[in-house]
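One gets the numbering used here by counting positions in the sequence shown from 1 and adding 233 to each.
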Amino acid sequence: MENNNTISTLLMANAYGPADVLTFQDFDLGELRNGYARIKTKAAGINPIDARRMTGEFKHAGLPQTFGTEFSGEILAISENSQGFQIGDAVLGSGEGFTHANVIDVPIGNLIRKPDNISWEVAGSVAGVSQTAMTILDEIGDIKSLLIHGASGGVGSITVQLAKARGITVIGTASKRNLEYLESLGAIAVEYGDGLIERIKAAYPEAIDAAVDMIGTEEATQASLATVQPDGVIATIAGKPVSSKRVVPIWVKRNPKNLQFVVDGLASGKFQWEIDSVFPFDKAKDAFTKILEGHTKGKLLLQF
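In structure tokens, the structure reads:
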């Protein structure tokens, strides 16, 4: 076991605000803890919740803030009980505390081997959204139709595909420029904006079994209430206040087996994965600014 102290450069915010609050700081990781692997980060996904924490819109911990929940990289050091992993292995998974840093310590149980035919960028953007999507479908339960608001983003894109694989008809809302992309994933694509309810009903006249909002707008809430059957689940992963008690929050449950299922699907070509934009680590401020603008198609990520 290699326990040499390592200095990591990580992304941090000591105040809330726009991307200008982000800084790079050196951090001594200290000795590697038992049950952990030390990873040289290759890529790390950015999720809307990261940027909303930066601005202070979503607060679940005090300052300073660190960011990132998913990564890909190479093992630099590993503790005892390595579970078959070794130094130099290419891996991906969920982090612990932050992944927007050039070196991170991760519980060994969070690691998945990176298939050779998946790029560092794809691998680094998979863990968070995949496990969120699987959680959504598992908690909503046995349904035949699903309305997804903001379906062209990272979580939405894989949720559409996972739902289709379960035989679920998916109605997905997105901006006009992303409708063709949604259709390519197998969804019935509907443009959001004025008249959304009428367009959803025209595209799918039957009452929908369930809905999930990935963007957190009142428009999405009202459209769900108007189109989902009275006893159907209406959920949100946006972490924003809602105007109806029918809308229930869903929080991701980390499950490496669920992640492995998606990774295997990507490696075999069963699932598609879209990268919207890749930013070098030193351009993280630009990346966070872009994700706050919305209308993404797939994932944004940092490259190290």
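Ideal placement from N, C-alpha and C gives every residue a C-beta, glycine not left out. The structure displayed is predicted, hence computed values, not measured ones.
{"Check": "Measuring only the C-alpha atoms, how far is Gly326 from Gly374?", "Outcome": "25 Å"}
{"Check": "Measure the C-alpha to C-alpha separation of Lys516 and Met367 and round it to an integer number of angstroms.", "Outcome": "31 Å"}
{"Check": "Check for me: the alpha helix (DSSP H) holding Val324 runs from which residue to which?", "Outcome": "It is not in any alpha helix (DSSP H) - Val324 instead sits in the beta strand (DSSP E) that spans 323-327."}
{"Check": "DSSP state of Ile279, grouped into three classes?", "Outcome": "strand"}
{"Check": "In whole angstroms, what is the alpha-carbon distance linking Phe300 and Lys434?", "Outcome": "39 Å"}
{"Check": "Let me make sure I understand the geometry here. Which of Met287, Leu265, Leu309 has the alpha-carbon closest to that of Thr274?", "Outcome": "Leu309"}
{"Check": "Taking the straight line between their C-alpha atoms, what separation do you get for Gly306 and Ala384?", "Outcome": "28 Å"}
{"Check": "Does the distance from the CB of Ala500 to the CB of Asn350 come in under 9 Å?", "Outcome": "yes"}
{"Check": "With DSSP as the reference, identify every bridge partner of Val339, one or two as the case may be.", "Outcome": "Ala270"}
{"Check": "Among Arg487, Asn280, Phe304, which one has its Cα closest to the Cα of Lys530?", "Outcome": "Asn280"}
{"Check": "Short of 7 Å in beta carbon distance, which residues of its chain neighbour Leu412, apart from the five on each side in sequence? Order them along the chain.", "Outcome": "Ala422, Glu424"}
{"Check": "Quick one, which of Ile470, Pro474, Ser477 has its alpha-carbon nearest Ile483's?", "Outcome": "Ile470"}
{"Check": "Mind checking Lys503: buried by the 16 CB within 10 Å criterion, or exposed?", "Outcome": "exposed"}
{"Check": "Since Gly306 is in the beta strand (DSSP E), which residue starts that stretch and which ends it?", "Outcome": "303-311"}
{"Check": "Rounded to whole angstroms, what is the Cα-Cα separation between Ile391 and Tyr269?", "Outcome": "29 Å"}
{"Check": "How many Å lie between Lys397 and Leu370 at the Cα?", "Outcome": "11 Å"}
{"Check": "Whose C-beta lies closer than 7 Å to the C-beta of Leu395 among residues of the same chain, with five residues either side of it excluded?", "Outcome": "Ala366, Met367, Leu370"}
{"Check": "Note down the Cα distance separating Phe304 from Asp259, rounded to an integer number of angstroms.", "Outcome": "19 Å"}
{"Check": "Which residues does DSSP pair with Asp259 in a beta bridge?", "Outcome": "Thr242"}
{"Check": "So Val496 is in the alpha helix (DSSP H); what residue range does that whole segment cover?", "Outcome": "489-501"}
{"Check": "Write down every uninterrupted run of the beta strand (DSSP E) in the segment 375-401 whose length is 3 residues or greater and which is fully enclosed by it, in chain order.", "Outcome": "378-382"}
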